[in-house]
Amino acid sequence: MDSASILIDVPPATVWDVVTDVEGMGRFSPENTGARWKSGTPATVGARFIGANRHGPVRWKTHCTVVDVIPGRKFSFEADEPKARWTYHLEPSGSGTLVTETREIYATPVWWVRLVQKSKVLGSNRDELMQNGMRHTLERMKVALEG
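Each residue of the sequence shown is one higher than the one before, counting from 14 in this note's numbering.
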């Protein structure tokens, strides 16, 4: 499991609105370019969305399902391929919020995902790339919310 944390000097409710806005996540992420809700009530368990991603010239979509929600505290969704669970944990900290983003691979990806990963077309060290991406996402989120 990979994770990154940052303290953002705004209340959890403000951060919550941003981490559950999957359509706007592309403003912060170096790889995700946004998403669109497909079914269900946005940011509720069972809701589905399609995420759009880009790494260099390569673009792909990921089908995701919201799997765990504690309003104002936890937002978690699972991507279909690779089998990854992404979670945002929000903890009040003084006048701000400690935000932790995690990525957990919960099953072996299908053959074609493994082939793409081995090709290194999405980076020579995908785990390191994801770790750095989470840090950049949270840093950009902090700048936007505190600015």
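Every residue gets a Cβ at the ideal spot worked out from N, C-alpha and C, and that includes glycine.
Original post:
Considering only the beta carbon of each residue, do residue 64 and residue 75 sit closer than 8 angstroms?
Top reply: yes
Beta-carbon within less than 7 angstroms of residue 23's beta-carbon, same chain only, minus the 5 sequence neighbours each way: which residues are those? 109, 110, 158 and 159
- prompt: What is the DSSP secondary structure of residue 100, counted as helix, strand or coil?
  reply: strand
Check: How would you label residue 143, buried or exposed, when you count the other beta carbons within 10 angstroms and need 16 or more for buried?
Finding: buried
Report task. Could you tell me whether the Cβ atoms of residue 150 and residue 18 are closer together than 8 angstroms? Result -> no
Between the Cα of residue 27 and the Cα atoms of 41, 73 and 85, which residue gives the shortest distance? 85
Next item on the list: Assign residue 32 to one of two classes, buried (16 or more other C-beta atoms within 10 Å of its C-beta) or exposed (fewer than that).
Entry: buried
Assuming residue 146 and residue 43 are in contact, meaning their beta carbons sit under 8 angstroms apart, how far apart are those beta carbons, in whole angstroms?
5 angstroms
Three-state class that DSSP yields for residue 150 in the structure shown:
helix
Measuring CB to CB, does residue 56 end up less than 8 angstroms from residue 80? no
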